[in-house]
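>
Right, here's the structure in full:
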């Protein structure tokens, strides 16, 4: 019986390793494609179709075009600011919200949860949102990229779910030691759900990194623009929008269009990819041993 | 409690009265007179340079190529020169590039408008008249008559421009760019020179010449796509890919019609339901069946199209000649352009790529009701329509942007061959491309001027064809626009599905009549009627 | 009045919880509920210049226009079918991937697979759709591979029947890794003691997955499932409009792509708000039902 089990498991292991290996290649390929394409010679890239296994020729002209734009550096600095400040605010508010909604003895828990979930499905639309944020004096303020997105309800619910699973005994023990709810949340709960926190940090950081819409509608001064907004502009400039605007006079170079697209993806994506390995160690099996054992 | 509220409202009233009074007195001060309201502005004179400097704000779209060298348009040498000439400073407010319409609506919703707004009459739902009626922009007729002598003179001498610059109700809600002459036609068929030579045929003139040439090309290069319709530059959803017709009507115009709605001597018609459209579909269907056009055209995106051409698998392309010269040029392939195809030799083509005289509307400038000095704003805008101003905006500063050779402005190398900045950037640093001005069009476009061959090809098409069938820039009322879009958002989907089915043979052309009937049921004639009415009003202007 | 009394008692008992709730509630009121007043424009012929107070009221006209549209049934059918496929195939996929990744014993390999799996999430839709249409064209990679097993090459994006499966497959490919992160983290917080106990009871690895891992994930799965199913009507337009063309419109056109096209022709905020509200109401109703059912049958629920 045991032997049979073992051999079957071995076959499964082998199958699993192979399957995931193949899947990994499928996952990896698009980014490889983008990187190869971004280093290609535009004249050769434009005639290429299908699988790309190496750069078509070699040229840095796409990157030169992106970097020749003086706004890129500024954009990076702004984006890093928004990611750090924004994520910090997110974590503070989300963890408090999640804690509140996970308290079983809390009288308003059900109605508040419903009220929070309701906002995921109903929103007033762009114009009322804009007028409200402007009404709070956040127009052309960096805070307009932080406060109106201070809580993502989906993340809040995920965090609440994981807090709700913490055994009551931990909380009871802390209360006996004289801790109040703030103490329980920040000293005990957050360390216990470290792995969930890591996920939430990742989600928020990536959300801030990729966001441009609020910046577009709320920021007037270009010096405050995040990277994504500048990159979007570069991409749009490569598109044919100008044809109609100027009556067919200045058609941009069709050749650099696709090259620019790939370069901007590399420039905008690679940095945020590096955040993952740092957070990944918190999902490793068994980090919780110490804290959960009663 | 009630007491408090009463006091508060009194205070508010005082503030309100005070602020309006201040506004008025501000006006009269600069005019140096003590009368009020209209008479004050009537007597006011604006002569540049102003004795006291003025500042105006302007909301206007930015350009990414410009953003490389300036943080807003006040970095342009043209506006710096304008400040010297007029003693008027313009403070630019730029929305983020790409979603100007959305941001325009947000600005309107917030009820705070700058002095001048670019593109407002094309962004505002219901157009310029509605914006004036809603109290957003001011009616400019009187101001233009008094403070814009150059602009007024141009309109007086050009009936088309005059029509396009005021509305059905004779309201001028914006100052529009005006072309000196018809802009050159930039869109048409181009053919690979070597493949053409291989066939031993002359440059095709008639549609049957084309068929012969394309068939021969297919025979010589079996895995090629002899003819490509390049939809780059087409409004979203309007290229051959989606509608089965070239967006400037190449080939279709041979059958005496234009793409989508066209103006047949005062009658608005929709090409896709004309009897002649069946003949056009028969032709394209045959070409599709014989592999003369791309078998996958509905699913081919722009990059896919480019790849066919650049990988040397296309014999001819219908599209912008600037793009053709780029694409063929990148692979060092020679190309020739062909005239717009006709049914039989000697036929006249009455539809081609064209620009309205007063265009682009997106570059028009309106003046908001919150502007304190509309007189100065109008006079400032008018300068770009004087001979001097036109030179400044189109060619830049003499000595820097251009030199005069035999009385004609010629760009310097600073603009044409600048090693530090691209031509696209020069368009905004040394001259000002997108702004209301008396335009030289292609003759002031460094990108085209650098390629004399392209220039000649454009001239040839322009001389061959007229744009008589083209729909002039009519304006719909807000209600008309809504009714039209509610019919067309549905009818267009059906039309496109059916036309593509006819072309690809999924639906027999015998069904053409029942397709027309179905379009009828969907209210297509009501939609056409809306444009017919608008055309009637336009012609009466 | 007993409600108020209970509330008062609760405030005294849980004062710190209420203190914590204040900023959170403030956020939701300021940035979610205040703008929600804008929903009334669904019943208006809204013009930005006139504002919500000044625009004309049209009752249910916007809704009626939508329901009476020639293509309404087709749009509704496509939206629901596509969405259901995305839920049926797309929802379990990340759970499965998380379980498989978790079964890899070689740590470096596990981490590598994990990292790679989430990469597609970062590629913009424009590029993804470009790759899709390139690879599935009649001369593309997929057709080349299929031709080896004797399938005649076909351009996928011109086959109406292929659109939804293609959409779902590529969607799973793009979101599976990112989606699995939540589950991986949940797995990592399972008490190892439970596995030890199961091993002592003689459970093999499959048994352990079935009797320890999955039950421990259940509350996460149920909560996410309820939220997912409540999104049945909200399908973004971007990917559809990047992929569709008139030949496959009969299966590809959905509600959001329709409103997008309408939006292009004129900025009809009242109409698009009405369509959005229609979607939201259905979504929330389904969410409500799903929540009740889950509570009844599993004891787990969103609220």
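Chains as they are written, first to last, in our numbering: chain A, 2 to 295; chain B, 1430 to 1970; chain C, 769 to 1071. Where is the CB? At the ideal position from N, CA and C, for every residue including glycine. All values derive from a computational prediction rather than experimental measurement.
Taking only runs of the beta strand (DSSP E) that begin and end inside the segment 889-972 of chain C, which ones reach a length of at least 3 residues, in chain order?
none
> Return no unless some Cβ of chain C is closer than 8 angstroms to the Cβ of residue 1954 of chain B.
Within the second chain, residue 1954 of chain B is the residue found at index 525, counting from 1. It does not; no Cβ of chain C falls within 8 angstroms.
> Taking the alpha-carbon positions, what's the residue 1710 of chain B to residue 1929 of chain B distance?
Along the second chain, one-based indexing puts residue 1710 of chain B at 281. Along the second chain, one-based indexing puts residue 1929 of chain B at 500. The alpha-carbon atoms of residue 1710 of chain B and residue 1929 of chain B are separated by roughly 9 angstroms.
> Just the chain B side, please: which residues come within less than 7 angstroms of residue 194 of chain A by C-beta, in chain order?
Residue 194 of chain A sits at position 193 when you count from the first residue of the first chain. Under the 7 angstroms cutoff, chain B gives no residues; its nearest Cβ is about 38 angstroms from residue 194 of chain A.
> Whose CA, out of B/1527, B/1483, B/1719, B/1904, lies closest to the CA of residue 1654 of chain B?
Reading the second chain from its first residue, position 225 is the one you call residue 1654 of chain B. Of the listed residues, the one whose Cα sits closest to residue 1654 of chain B is B/1719.
> Please classify residue 1696 of chain B as buried or exposed, where buried requires at least 16 neighbouring CB atoms within 10 angstroms.
Along the second chain, read from residue 1 onward, the residue named residue 1696 of chain B stands at position 267. Answer is exposed; the Cβ neighbour count stays below 16.
> Any C-beta of chain C sitting closer than 8 angstroms to the C-beta of residue 1642 of chain B?
Along the second chain, read from residue 1 onward, the residue named residue 1642 of chain B stands at position 213. Answer no: the Cβ-Cβ gap between residue 1642 of chain B and chain C never drops below 8 angstroms.
> Is it true that the CB of residue 820 of chain C sits closer than 8 angstroms to the CB of residue 806 of chain C?
Start at 1 with the first residue of the third chain, and residue 806 of chain C comes out as number 38. Start at 1 with the first residue of the third chain, and residue 820 of chain C comes out as number 52. Closer than 8 angstroms, so yes.
> Could you round the C-beta distance between residue 1747 of chain B and residue 1635 of chain B to whole angstroms and report it? I think they count as a contact, below 8 angstroms.
By 1-based counting over the second chain, the position of residue 1747 of chain B is 318. By 1-based counting over the second chain, the position of residue 1635 of chain B is 206. About 16 angstroms; that fails the 8 angstroms criterion.
> For the segment 131-154 of chain A, enumerate the residues whose C-beta is nearer than 7 angstroms to any C-beta of chain B, in chain order.
131, 132, 135
> So what's residue 1615 of chain B in DSSP terms, helix, strand or just coil?
Residue 1615 of chain B sits at position 186 when you count from the first residue of the second chain. Looking at residue 1615 of chain B - three-state DSSP - the assignment turns out to be coil, as it is neither helix nor strand.
> Measure the beta-carbon distance from residue 270 of chain A to residue 66 of chain A and round it to whole angstroms, keeping in mind my assumption that it falls under 8 angstroms.
For the purposes of this step, residue 270 of chain A is identified with residue 269 of the first chain, where counting begins at 1. For the purposes of this step, residue 66 of chain A is identified with residue 65 of the first chain, where counting begins at 1. Incorrect: roughly 17 angstroms between the Cβ atoms, too far for contact.
> At the 8 angstroms Cβ level, is residue 923 of chain C part of the contact set with chain B, yes or no?
Position 155 of the third chain, counted from the start, is the residue given in the question as residue 923 of chain C. True, the Cβ-Cβ gap to chain B drops below 8 angstroms.
> Name, please, each residue of chain B whose Cβ falls closer than 7 angstroms to the Cβ of residue 1013 of chain C.
Taking the first residue of the third chain as position 1, residue 1013 of chain C is located at position 245. Within chain B, the residues near residue 1013 of chain C are 1670, 1671, 1727, 1728.
> Measuring CA to CA, which of B/1783, B/1510, B/1521 is closest to residue 1500 of chain B?
Taking the first residue of the second chain as 1, we reach residue 1500 of chain B at position 71. Looking at the Cα atoms, B/1521 is the closest of the given residues.
> Assign residue 1070 of chain C to one of three DSSP states: helix, strand, or coil.
Position 302 of the third chain holds residue 1070 of chain C. Coil.
> Which term fits residue 1935 of chain B, buried or exposed, when burial requires 16 or more other beta carbons within 10 angstroms of its beta carbon?
Within the second chain, the letter at position 506 stands for residue 1935 of chain B. Exposed.
> Strictly below 8 angstroms CB to CB, what residues from chain A border residue 1005 of chain C?
Looking up residue 1005 of chain C in the third chain gives position 237. Within 8 angstroms Cβ-Cβ: nothing; residue 1005 of chain C doesn't reach chain A, min ~15 angstroms.
> Which residue or residues does DSSP assign as beta-bridge partners of residue 1487 of chain B?
Numbered from 1 along the second chain, position 58 holds the residue referred to as residue 1487 of chain B. For residue 1487 of chain B, which the question treats as bridged, DSSP gives the partners B/1521, B/1545.
> Flag residue 23 of chain A as yes if its beta-carbon sits less than 8 angstroms from any beta-carbon of chain C, otherwise no.
The residue given as residue 23 of chain A occupies position 22 in the first chain. Closer than 8 angstroms: no.
> Going by DSSP, what residue range makes up the beta strand (DSSP E) through residue 43 of chain A?
As a working note, residue 43 of chain A is residue 42 in the first chain. Residue 43 of chain A -> not in any beta strand (DSSP E); alpha helix (DSSP H) instead, spanning 43-46.
> Answer yes if the segment 1870-1878 of chain B comes into contact with the segment 1502-1521 of chain B, meaning at least three C-beta pairs across the two stretches below 8 angstroms, and no otherwise.
By the Cβ test, the segment 1502-1521 of chain B is not in contact with the segment 1870-1878 of chain B, since fewer than three Cβ pairs between them sit closer than 8 angstroms.
> Would the beta-carbon of residue 1618 of chain B fall within 8 angstroms of that of residue 1782 of chain B?
Counting from 1 along the second chain, the entry for residue 1618 of chain B is found at position 189. Counting from 1 along the second chain, the entry for residue 1782 of chain B is found at position 353. Cβ distance not < 8 angstroms, so residue 1618 of chain B and residue 1782 of chain B don't count as in contact.
> Under 8 angstroms between the Cβ atoms of residue 1956 of chain B and residue 132 of chain A?
Position 527 of the second chain, counted from the start, is the residue given in the question as residue 1956 of chain B. Position 131 of the first chain, counted from the start, is the residue given in the question as residue 132 of chain A. For residue 1956 of chain B and residue 132 of chain A, no; Cβs fall outside 8 angstroms.
> Quick one: Cα of residue 1587 of chain B to Cα of residue 1922 of chain B, how far?
As a first step, residue 1587 of chain B must be located in the second chain, where it is residue number 158. As a first step, residue 1922 of chain B must be located in the second chain, where it is residue number 493. In a straight line, the C-alpha of residue 1587 of chain B is about 39 angstroms away from that of residue 1922 of chain B.
> With 7 angstroms as the C-beta to C-beta threshold (strictly closer), list the residues of the segment 60-75 of chain A near chain E in chain order.
Considering every chain present, this structure includes no chain E. Its protein chains are A, B and C.
> Residue 1860 of chain B: which of B/1480, B/1511, B/1541 sits nearest, CA to CA?
Residue numbering aside, residue 1860 of chain B sits at position 431 when the second chain is read from its first letter. The candidate whose alpha carbon is nearest that of residue 1860 of chain B is B/1511.
> DSSP on residue 1036 of chain C, reduced to helix/strand/coil?
As a first step, residue 1036 of chain C must be located in the third chain, where it is residue number 268. Here residue 1036 of chain C sits in coil by DSSP.
> Going by the beta-carbon positions, is the gap between residue 837 of chain C and residue 826 of chain C smaller than 8 angstroms?
Counted from its first residue, the third chain places residue 837 of chain C at position 69. Counted from its first residue, the third chain places residue 826 of chain C at position 58. Going by C-beta atoms, residue 837 of chain C is not nearer than 8 angstroms to residue 826 of chain C.
> Is it true that the CB of residue 1487 of chain B sits closer than 8 angstroms to the CB of residue 1536 of chain B?
Looking up residue 1536 of chain B in the second chain gives position 107. Looking up residue 1487 of chain B in the second chain gives position 58. No, they are not a contact pair.
> Look up residue 1981 of chain B in the DSSP assignment and give the residues it is bridged to.
Because chain B here runs from 1430 to 1970, residue 1981 of chain B falls outside it and cannot be looked at.
> Quick one: give me the first and last residue of the beta strand (DSSP E) that residue 1796 of chain B is part of.
Numbered from its first residue, the second chain carries residue 1796 of chain B at position 367. Looking at the DSSP string, the run of the beta strand (DSSP E) that includes residue 1796 of chain B is 1794-1796.
> Could you check whether the Cβ of residue 1797 of chain B sits closer than 8 angstroms to any Cβ belonging to chain A?
Taking the second chain and counting its residues from 1, one reaches residue 1797 of chain B at position 368. In terms of beta-carbon proximity, residue 1797 of chain B stays away from the interface with chain A, with every pair separated by 8 angstroms or more.
> Report, in whole angstroms, the separation of the C-beta atoms of residue 809 of chain C and residue 1038 of chain C, which I expect to be a contact under 8 angstroms.
Locating residue 809 of chain C in the third chain gives position 41, counting from the first residue. Locating residue 1038 of chain C in the third chain gives position 270, counting from the first residue. Sure, about 5 angstroms apart at Cβ, within 8 angstroms.
> Quick check: the Cα distance between residue 784 of chain C and residue 1854 of chain B, rounded to an integer number of angstroms?
Numbered from 1 along the third chain, position 16 holds the residue referred to as residue 784 of chain C. Numbered from 1 along the second chain, position 425 holds the residue referred to as residue 1854 of chain B. For residue 784 of chain C and residue 1854 of chain B, the distance between alpha carbons rounds to 59 angstroms.
> Would you say residue 1464 of chain B lies against chain C (beta-carbon separation less than 8 angstroms)?
Numbered from its first residue, the second chain carries residue 1464 of chain B at position 35. Reliability fails at residue 1464 of chain B, whose pLDDT of 35 lies under 50, so the model's placement of it is uncertain and the value that follows must be treated cautiously. False, the Cβ-Cβ gap to chain C never drops below 8 angstroms.
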